[in-house]
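Data first, discussion second: the structure below is written as structure tokens.
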Amino acid sequence: MIDAHLALYRPGRQDAVLTPDVGRDMIEAYRAATAALQAEFGSAGFMITFAVNWQPDHDAIGEPDSIADAGCAVHIFGRRAGEMISPVRAMTLQRSRRRPPAPDPKLGDRLRPLLADPPATVIVEPPPGELCDGCAGSVLTDQERWRGGGVRVIRPRRVLIDPHVLVLPVRHVASLRDLEPDEVTSLSARLVESLRQFRLGSGSTGLSGFANDGVAARQETPHVHLHVYGRSVGEPVNPYQRLAAYLPPGAQRPV
Ligand SMILES: [Zn+2]
1 MIDAHLALYR PGRQDAVLTP DVGRDMIEAY RAATAALQAE FGSAGFMITF
51 AVNWQPDHDA IGEPDSIADA GCAVHIFGRR AGEMISPVRA MTLQRSRRRP
101 PAPDPKLGDR LRPLLADPPA TVIVEPPPGE LCDGCAGSVL TDQERWRGGG
151 VRVIRPRRVL IDPHVLVLPV RHVASLRDLE PDEVTSLSAR LVESLRQFRL
201 GSGSTGLSGF ANDGVAARQE TPHVHLHVYG RSVGEPVNPY QRLAAYLPPG
251 AQRPV
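With the first letter of the sequence shown counted as 1, position 66 gets the number 66 in the numbering used here; the numbers rise by one all the way through.
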């Protein structure tokens, strides 16, 4: 249902920590993909989704189709003013009820050169505000659960389900595009640790999550943060279903 949609993936274990080389590749690929989506579709912001040891079932709500054999997979959705439907809205439909966008046989031919040689100037406008919730001292005193490698894991102020954490770099960085490769590696290490904690605390077998990049993607805090939910086949609540329940008809919830 979303035309501006690309995915980054590589084979391998989903719960392996990304090496610095892979972290560098992932961030370079993200920069190229977002530049290509901006050039092709006018995307001004981006939503990413990701999962570790988690494959949604055939009728899942809130998650993109899985990619066969993908170990680490990150879906990237371009957001723009006037879009037909937001990815959050599109994915509140069960997967079996979603309709793909009309095929565009030339799309691949247009995207390939953009991905190979991405435009240098990409504007992703961060949320306004001088006071950053991600840098506030209260994050350390009230919310932080642990940290490592320049990345902290915190409890959100608005807990959607249990387990739910936010994972964010300690350094102030507004856009996913501006992450350093070692921060990508450290983010992945904290995700693997979060899954271990979720297993112990809630019996989760996997996790999934998302992040918003730029005001056009409804990013609220000008500091990169990943929303991370523990998942299991027998879970009482699908977090995306609960997220969707916050949405009045026709409106987008800022997430
Ligand atoms: Zn900050």
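Where is the CB? At the ideal position from N, CA and C, for every residue including glycine.
Residue i beta carbon near ligand 1 (any heavy atom closer than 8 Å)
i, result
"G150", "no"
"P105", "no"
"H172", "yes"
"G82", "no"
"P100", "no"
"C135", "yes"
"P127", "no"
"P156", "no"
"H223", "yes"
"C132", "yes"
Range of the contiguous alpha helix (DSSP H) that encloses residue i
i, result
"D182", "P181 to S202"
"G108", "L107 to A116"
"V22", "P20 to F41"
Three-state class that DSSP yields for residue i in the structure shown
i, result
"E63", "coil"
"E144", "strand"
"P169", "strand"
"V153", "strand"
"P249", "With a pLDDT of 45 at P249, under the threshold of 50, the modelled position of that residue is not reliable, and the figure given next carries that caveat. Correct three-state label for P249: coil."
"V88", "helix"
"V228", "strand"
"S217", "It is Ala, not Ser, that sits at residue 217 in the sequence shown. Helix."
Endpoints, beta strand (DSSP E) assigned at residue i
i, result
"L207", "G206 to D213"
"V74", "C72 to R79"
"R10", "H5 to R10"
"G45", "G45 to V52"
Residues near residue i in its chain [Cβ-Cβ closer than 6 Å; skip 5 each side]
i, result
"N212", "M47, R218 and Q219"
"H75", "A7, T49 and P64"
"P254", "Confidence is the limiting factor: at P254 the pLDDT is only 44, short of 50, which leaves the residue's position unreliable, though a coordinate-based value still follows. If we look at P254 and ignore the five residues flanking it on each side, its Cβ neighbours are R218 and E220."
"Y240", "I61 and G62"
Residues near residue i in its chain [Cβ-Cβ closer than 8 Å; skip 5 each side]
i, result
"R242", "L160 and I161"
"C132", "H172, T221, P222 and H223"
"F41", "D3, A4, G78 and R80"
Close-in-space but distant-in-sequence residues of the same chain around residue i (CB under 7 Å, 5 per side omitted)
i, result
"E144", "R152 and I154"
"W54", "G206, L207, S208 and R231"
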